[in-house]
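In my numbering, the protein residues as written are 98 to 425.
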């Protein structure tokens, strides 16, 4: 009984963690790119990295919180423009190759030893160098608070303040996405996804709309990177290719071209991995599976589940099969 109680508490902790919220934010942006516009962006982690480092480096160099946030947003917009202007005429796998390459270039540049004094190089930037500007904004009183059986400091490293802001941003971006998708602008995006030539025949600039979608989704990804870095540290390898692949898994699991798909997919992704590792650790002897092997087994089972999902329910849990017409 104690094991099951602890497991339920761990599930709640994971579902409410800032990391889960960060992946929701980045997945919402990826959903704008692929789900609603049909852009095969395989470099969403690059937008996360640009946003995180734009914020962190700015603070280290003396910027205030709001100035650093503005710089992070502008960095994401600039990255989207540099990436999008020469490449958005590409389709399908060609665009995927370009975007994943661009994200890897950014990650390698950040890791350069020559930039050690600015970006921290391969080791990144410790959280205490940039987190204070965020912590100082907290209106919460000092001390700890228990909610739903979870006890955290009101303000600190692993705190309620970070969770409130992170999930507040999730709610905000879900609302923004819902409003935009229902607008004429959103209907044009869906038209581009389904038949770009038909949209152009109506006098609409598909390039301009795709660039706008790339910028919007990229800024959402940048916020995801900032939220991901706030509780811990800024490390370039934590926003590499595996992060982008996980975001795709999250989006497809919840359902592409849905409003709440990224939210559901992210929570399920982290919770399922936690449950699998916890159950294996409790009921499988260490002589059969070590802790490292248990983690690997969890990833294998998640991969198999995704394969089965794509085969038997390609629209995802919340998706609509009618939304799967892509002109890529």
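Cβ coordinates follow ideal geometry from the N, Cα and C atoms, glycine included.
Q | Inter-residue spacing [alpha-carbon to alpha-carbon] between residue 241 and residue 250 | A | Locating residue 241 in the chain shown gives position 144, where the first residue counts as 1. Locating residue 250 in the chain shown gives position 153, where the first residue counts as 1. Separation of residue 241 and residue 250 (C-alpha to C-alpha, rounded to the nearest whole angstrom) is 4 Å.
Q | residue 256 in three-state terms, based on DSSP | A | Taking the first residue of the chain shown as 1, we reach residue 256 at position 159. The three-state reading of DSSP puts residue 256 in strand, counting E and B together.
(Q) So, for residue 368: in the same chain, excluding its five sequence neighbours on each side, which residues have a beta-carbon less than 8 Å away from its beta-carbon? (A) Here residue 368 refers to the residue found at position 271 when the chain shown is read from its first residue. The answer, listed in chain order, is 108, 111 and 112.
(Q) Between which two residues does the beta strand (DSSP E) holding residue 249 run? (A) Indexing the chain shown from 1 puts residue 249 at position 152. Counting along the chain, the beta strand (DSSP E) containing residue 249 begins and ends at 247–250.
(Q) With three or more beta-carbon pairs closer than 8 Å as the criterion, would you say the stretch 331–341 touches the stretch 265–280? (A) Contact between the stretch 331–341 and the stretch 265–280 is absent, because fewer than three Cβ pairs lie under 8 Å.
(Q) With distance defined between alpha-carbon atoms, name the residue in 147, 181 and 166 nearest to residue 318. (A) Position 221 of the chain shown holds residue 318. Looking at the Cα atoms, 147 is the closest of the given residues.
Q: With DSSP as the reference, label residue 223 as helix, strand or coil.
A: One-based indexing of the chain shown puts residue 223 at position 126. Three-state result, residue 223: strand.
**Q.** Cutoff 6 Å; reference residue 145; Cβ partners in own chain excluding five residues on either side
**A.** Mapped onto the chain shown, residue 145 falls at position 48. Once the five neighbours on either side are set aside, the close Cβ partners of residue 145 are 123, 318, 321, 322 and 336.
Q. Which partner residues does residue 244 have in the DSSP bridge list?
A. In the chain shown, the residue the question calls residue 244 occupies position 147. The partner list for residue 244 (beta bridge, DSSP) reads 247.
Q: Following the continuous alpha helix (DSSP H) through residue 362, name the residue where it begins and the one where it ends.
A: By one-based count along the chain shown, residue 362 stands at place 265. Here the alpha helix (DSSP H) through residue 362 covers 358–380.
Q) Along the chain, which unbroken stretches of the alpha helix (DSSP H) at least 4 residues long are found entirely within the stretch 171–245? A) Counting only runs of 4 or more, we get 190–207, 213–216 and 229–232.
Q) By the 10 Å Cβ neighbour count, where 16 or more other Cβ atoms means buried, how is residue 409 classified, buried or exposed? A) Position 312 of the chain shown, counted from the first residue, corresponds to residue 409. Exposed, since its Cβ has fewer than 16 Cβ neighbours within 10 Å.
Q | Identified DSSP bridge partners for residue 331 | A | Translated into positions along the chain shown, residue 331 becomes position 234. DSSP output for residue 331 lists 222 as bridge partner(s).
Q | DSSP state of residue 384 mapped onto helix, strand, coil | A | Position 287 of the chain shown, counted from the first residue, corresponds to residue 384. DSSP places residue 384 in coil when its eight states are reduced to three.
Q: Over the uninterrupted alpha helix (DSSP H) stretch that includes residue 412, give me the two end residues.
A: Numbered from 1 along the chain shown, position 315 holds the residue referred to as residue 412. Neither: residue 412 is in no alpha helix (DSSP H) and is coded neither H nor E.
Q) So what's residue 424 in DSSP terms, helix, strand or just coil? A) Counting from one through the chain shown, the residue named residue 424 turns up at place 327. Residue placement at residue 424 is poorly supported in this model, since its pLDDT is 48, which falls under 50; the coordinates are not used for a value here.
Q. Where does residue 279 sit, in a helix, a strand or coil, going by DSSP?
A. Counting from 1 along the chain shown, the entry for residue 279 is found at position 182. Note: residue 279 maps to coil in three-state DSSP.
**Q.** Span separating the alpha-carbon of residue 209 from that of residue 417
**A.** One-based indexing of the chain shown puts residue 209 at position 112. One-based indexing of the chain shown puts residue 417 at position 320. Roughly 44 Å separates the two Cα atoms.
Q: Tell me whether residue 164 sits in a helix, a strand or coil according to DSSP, three-state version.
A: Along the chain shown, read from residue 1 onward, the residue named residue 164 stands at position 67. Reduced to three states, the DSSP call for residue 164 is helix.
Q: Could you tell me if residue 225 is buried or exposed, where buried requires 16 or more neighbouring beta carbons within 10 angstroms of its beta carbon?
A: Against the chain shown, residue 225 aligns to sequence position 128. Result: exposed.
(Q) For residue 392, which residues in the same chain have their Cβ closer than 8 Å to its Cβ, ignoring the five residues on either side in sequence? (A) The residue given as residue 392 occupies position 295 in the chain shown. For residue 392, where only same-chain residues beyond five positions count, the Cβ hits under 8 Å are 374.
Q.
Output needed for residue 228: all residues of its chain with C-beta closer than 7 Å, excluding positions within five of it in sequence on either side, in chain order.
A. Numbered from its first residue, the chain shown carries residue 228 at position 131. Taken in chain order, the residues that qualify are 327.
Q) Cα separation between residue 104 and residue 372? A) For this step, residue 104 is matched to residue 7 along the chain shown. For this step, residue 372 is matched to residue 275 along the chain shown. The alpha-carbon separation between residue 104 and residue 372 amounts to approximately 7 Å.
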